[in-house]
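Numbering (the working numbering), first residue to last: 1135 to 1233. For reference, the structure discussed in these notes is given below.
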């Protein structure tokens, strides 16, 4: 892929989406709290981008999530307690950030 730019708030309108793979692009900016509106999401991959800021606490609302890849970005801040709410999570990769 060769996507450039930021994640837009309209991503929250994709409420029936179960699989979202934006890996290996040139996305920058933050992961928006609107991601929490994707309540059917099971797979989320934002790896190998240039995303900054912290992981939004709202990510803990994605209770169907089984796979979360956020590695190889520029994310910073704490690793959230809200990740513990992801009881179906089987794979979590956060390496190569500033967490």
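C-beta atoms are modelled at their ideal positions from N, C-alpha and C, and glycine is treated no differently.
Taking the alpha carbon of residue i as the point to measure from, which residue in the options has its own alpha carbon closest?
i	options	result
residue 1153	1206, 1197, 1202, 1178	1178
residue 1239	1222, 1185, 1207, 1137	No statement about residue 1239 is possible, as the shown extent of the chain runs from 1135 to 1233 and does not include it.
residue 1196	1173, 1224, 1225, 1156	1173
residue 1188	1231, 1144, 1199, 1137	1231
residue 1149	1182, 1170, 1157, 1156	1170
List the endpoints of the continuous beta strand (DSSP E) containing residue i.
i	result
residue 1160	1160 to 1163
residue 1154	1153 to 1155
residue 1184	1184 to 1187
residue 1202	1201 to 1203
residue 1196	Careful: residue 1196 lies outside any beta strand (DSSP E) and carries neither H nor E.
residue 1140	1138 to 1140
residue 1166	Neither: residue 1166 is in no beta strand (DSSP E) and is coded neither H nor E.
residue 1178	1177 to 1179
What residues in its chain sit with their C-beta under 7 Å from that of residue i, if we drop five residues either side in the sequence?
i	result
residue 1141	1161, 1163, 1165, 1166
Kindly list the residues whose CB is nearer than 6 Å to the CB of residue i, restricted to its own chain and excluding five residues on each side of it in sequence; keep chain order.
i	result
residue 1204	1180, 1228
residue 1190	1165, 1167
residue 1156	1180
Identify the residues that DSSP records as bridge partners of residue i: which are they?
i	result
residue 1225	1201
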